[in-house]
Structure formats: structure tokens, C-alpha cells
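Below you'll find the structure, written out as C-alpha cells, and then a few comments.
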Amino acid sequence: MPIHRLAISGYRSLRDSVLGLDRLTVVTGANGSGKSSLYRALRLLAEVAQGRAIPSLAREGGFASALWAGPEAFGRQVEGTVRRNPVELKLGFSDDDYGYAVALGLPAPTYAGTFFSQDPEIKAESVWTGPIVGRANVFAERRGPLVRLRDGSGTWTEAFRELAAFDSLMTHGADPRDALDVLVLRERMRAWRFYDHFRTDRDAPARRPQIGTRTPVLAGDGADVAAAIQTIIEIGDRDALDATIAEAFPGAELSVAASEGHFSLELGQHGLLRRLRGPELSDGTLRYILLAAALLSPRPPELMVLNEPETSLHADLLAPLAALIARAAESTQVLVVSHAAALVAALEREGAARITLDKRLGETLAPDHDPPSWTWPKR
419 MPIHRLAISG
429 YRSLRDSVLG
439 LDRLTVVTGA
449 NGSGKSSLYR
459 ALRLLAEVAQ
469 GRAIPSLARE
479 GGFASALWAG
489 PEAFGRQVEG
499 TVRRNPVELK
509 LGFSDDDYGY
519 AVALGLPAPT
529 YAGTFFSQDP
539 EIKAESVWTG
549 PIVGRANVFA
559 ERRGPLVRLR
569 DGSGTWTEAF
579 RELAAFDSLM
589 THGADPRDAL
599 DVLVLRERMR
609 AWRFYDHFRT
619 DRDAPARRPQ
629 IGTRTPVLAG
639 DGADVAAAIQ
649 TIIEIGDRDA
659 LDATIAEAFP
669 GAELSVAASE
679 GHFSLELGQH
689 GLLRRLRGPE
699 LSDGTLRYIL
709 LAAALLSPRP
719 PELMVLNEPE
729 TSLHADLLAP
739 LAALIARAAE
749 STQVLVVSHA
759 AALVAALERE
769 GAARITLDKR
779 LGETLAPDHD
789 PPSWTWPKR
């Protein structure tokens, strides 16, 4: 089920943003407009379901670095004022079936001597049916350490009274007996895939032979690309793979070599007497193969997010890439973050919805975007 609404509040330059997503959406804008913040926010939302949100924020420089740094609200003069609402970072999404929102905030005063006083706390979470949250359609909620679940008769029961501030309802409140819908939504979120800056340098793992096993899902760093390509050849859409390689590199043929259980890429080209191996491939050629392995996965996710896939690609490869992305969008929702005008235009020709970001007074806005309705759950 495609995500139709994505809401972000208080994260970096995204003071209060609500975006409507299509089956294929491309987000673009000038450097510094907030594209990377949008990508990171969506990835952070997925990491809540993995139990990794707080460590992820720490790797970004800490909770304070991730918070919106501007005023709570804009007036005639941009200046600091006394806050009316708590400092918090809120993330949420919904589709036609379910919605989820989480609020992270500053830690409460704790005992002396702890080394973890800078860790944020999960203050509130809500899971509901339908696209918009309301009092009647919430079936799981967390307020501080208290977690409540609503059964089929509408009766609330307490699942936890002392859930740790660093644990999530999605990781600890999902079980097949009492919270099946929470479990289903959590597994959907865990299956989202993010691909950001594949390594294509001289020492990239994708250039070297790797142990080969069936690989229906390409790893985030692309290290297992040879096994992923061979999996597509054997159980996936080999015709689509051959077609996209032929369109991108006329006369070329991609194959996989196996030796003592290790797989490696080989690319045959018209006029050459031997196939090129991984270390010989250009950065752009290797990146395109990595993108093909991700987009032609025999096990497509519900959502795939590509961050600046055009990096190191020649301009001639952007149209084939757009066609490849559009083909993938037939079986999975795809969100592309890009600043390459040629790729954005090619994706629009393939039917992608476009969201252009701009920054004003430090805040990321989408001035030409008509946002869908959204309501944050009440604390």
C-alpha cells in the first residue's frame, strides 16, 4: 500500500512539512534546500521500527543538532521567544489503511552520573486506521512509559506501564495475538529500502569477488551486487535486466563469473576480446549496474528511496535510469531525491509527481506543492 502522506516537524530545516507522495515521486531543489533532510527524516522514521532511531540521531551529531533551530513560529521579526509547546521532533506517515506518528523530545531530569543524559526520549506514539488520526480510530498509543492497545470491541488495555524511554511501541508493543496490526505495520516499515551513495571507488566491495548466495535484496552498500545480479538472472526479470543494460550501454552484455563460491561482475562490450571485470569498470558503469540490481529486485519492497542516484552517471544514462525507475514503480512505490534537472525531467516524462523544495528564512518549504490534510496526535 503506497504512502500518501509524509509529515515531519522540528527536524533540521523541516519546521512543519506535510507532503503528498505518489506511486513515483521525485523531490528536487537547489543545494541546501532541504532534500537531504527529507531523506534523513524518512530514513529515521523507518529506523524507529528497527529500534535504531536514537543511535541514528547520535550519529548525526546528537538530538540538539537534529532539531529545528529557528523560532517556534514566525512573526514580523525573527527572534527568540518563550516557547509555548515542548521541544520535540515529530515524524509520521499514513496510507489508506494505517497511520503512524512518533514524537521524540528532550530527556527528563535523571539520576546523577549517567552518561546518557543527551539521549532523546520517545515521548508519544500513535497507530491508527485510515489516513487521518482521530479519537475513534487509534488502536495503539504510547504516552510516556504507558502503552495501551484497543481490542476489537473498542476496549483499551494496558500493555506496558514502564516502557523504557529509548524503546518504541513498534518494537515492544507488536505481537501476533494482542497487536497484530501493529506487527504488520512494523514489518512493512522494516522492509522499506534506502539507497544512498553506493561505493564505486577503487576499493569498493562491489568491485571485488564476494561470497555468492541467493540475494533477492541488494545490500545498502552494494557489496553483494554480483550475487544480486545472478539472482535476477535466475529467478527475476532477466529480460528487463538485459534491456536496461543494452539501453544504457549499447552492445554490452552483463554476466556473473563464479569461482570457488565467490561471484564477480563481468561486462562484455562490442569490439573487446575479453570481458571487463569489476576493478576495470568506470564509476558510472558500476553505479548504473548497482541501481539496476536494486530496482529489479525479485522481492520488491513497498517503498524504495533513492538519494541522488545520478551521482557519477554520464548525462546519457539519465534517460535509461528514469525508464528503469518507472518500471520499478509498477511494483513498488519509489521516492527519488535528486538535483539533476535532466533526471527530474526524464522522470516527469515517465509520469512522476514532482515536489520542488525551497528554503526561506532557514525553513524548507514546498511552495508549489498542495499538501494533503494531516493532524498530529494530541500529547
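Per our numbering, the sequence shown starts with residue 419, numbered consecutively. For each residue, glycine too, the CB sits at the ideal point set by N, CA and C. In this text the structure is predicted, and so the values were computed from the model without any measurement.
Where residue i falls, given that 16 or more other Cβ within 10 Å makes a residue buried
i	result
S435	buried
A758	buried
F534	exposed
P527	exposed
W574	exposed
R564	The sequence as given places Leu at residue 564; Arg does not occur at that position. Label assigned to L564: exposed.
E539	buried
L691	exposed
I647	buried
A710	buried
Q751	buried
As assigned by DSSP and simplified to three states, the class of residue i
i	result
M722	strand
I389	Only positions 419 to 797 of the chain appear in this structure, which leaves residue 389 out of reach.
L601	helix
E678	coil
R611	strand
E698	helix
A771	strand
E652	helix
I426	strand
T750	coil
E506	strand
I629	strand
T703	helix
T662	helix
K796	coil
L442	strand
R458	helix
D734	helix
D514	coil
E728	coil
V755	strand
Cutoff 8 Å; reference residue i; Cβ partners in own chain excluding five residues on either side
i	result
R656	I650
D515	M419, T547, G548
R626	S682, G696, P697
L736	E728, A758, A760, L761, A764
E580	P563
R477	none
H680	P627, Q628, I629, G630
V370	Because the chain spans 419 through 797 in this model, residue 370 falls outside it and cannot be assessed.
Residues near residue i by beta carbon distance below 7 Å, same chain, minus five either side
i	result
E506	G428, A521, L522, G523, K541
I773	L437, T443, V445, A784, H787
N449	H757
P789	V436, L437, G438
D701	T618, S730
P504	G523
Spatial neighbours of residue i in its chain, beta-carbon cut-off 6 Å, leaving aside the 5 residues before and after
i	result
R561	A542
F842	With the chain covering 419 to 797 only, the question about residue 842 has no answer from this structure.
A712	Y613, L636
H589	Checking the displayed sequence, the identity of residue 589 turns out to be Thr instead of His. Counting only Cβ-Cβ distances below 6 Å, and skipping sequence neighbours, we find G469.
E768	A740, A744
A666	Y706, L735, P738
A686	The sequence given here places Gly at residue 686; Ala does not occur at that position. So the list reads E671, R693, once near-sequence residues are dropped.
Chain D within 9 Å of residue i, Cβ atoms only
i	result
D786	In the structure shown, chain D cannot be found, because there is only a single protein chain.
Check: Touch check for the segment 635-642 and the segment 576-593: three-plus C-beta pairs under 8 Å?
Finding: Touching, no, given that fewer than three Cβ pairs across the two stretches are closer than 8 Å.
Check: Are the segment 788-797 and the segment 462-482 touching, with three or more C-beta to C-beta distances below 8 Å?
Finding: Between the segment 788-797 and the segment 462-482 there are fewer than three C-beta pairs closer than 8 Å, too few to call the two in contact.
Notebook entry, point to check: Using 8 Å as the threshold, is the segment 440-453 in touch with the segment 732-751, meaning 3 or more CB pairs across them?
Noted result: yes
Notebook entry, point to check: Any contact of the segment 452-464 with the segment 720-736, i.e. 3+ C-beta pairs under 8 Å?
Noted result: Yes, the segment 452-464 is in contact with the segment 720-736.
Checklist line | Validate contact between the segment 421-428 and the segment 563-574 using beta carbons, cut 8 Å, 3 pairs | finding: Because the criterion of three Cβ pairs below 8 Å is not met, the segment 421-428 and the segment 563-574 do not touch.
Notebook entry, point to check: Should the segment 671-683 be called in touch with the segment 596-609, which here means at least 3 C-beta pairs below 8 Å?
Noted result: no
Check: Which parts of the segment 524-604 are runs of the alpha helix (DSSP H), unbroken and 4 residues or longer, counting only runs that do not cross its ends?
Finding: Every alpha helix (DSSP H) stretch that sits fully inside the segment 524-604 and reaches 4 residues is listed by chain position as 587-590.
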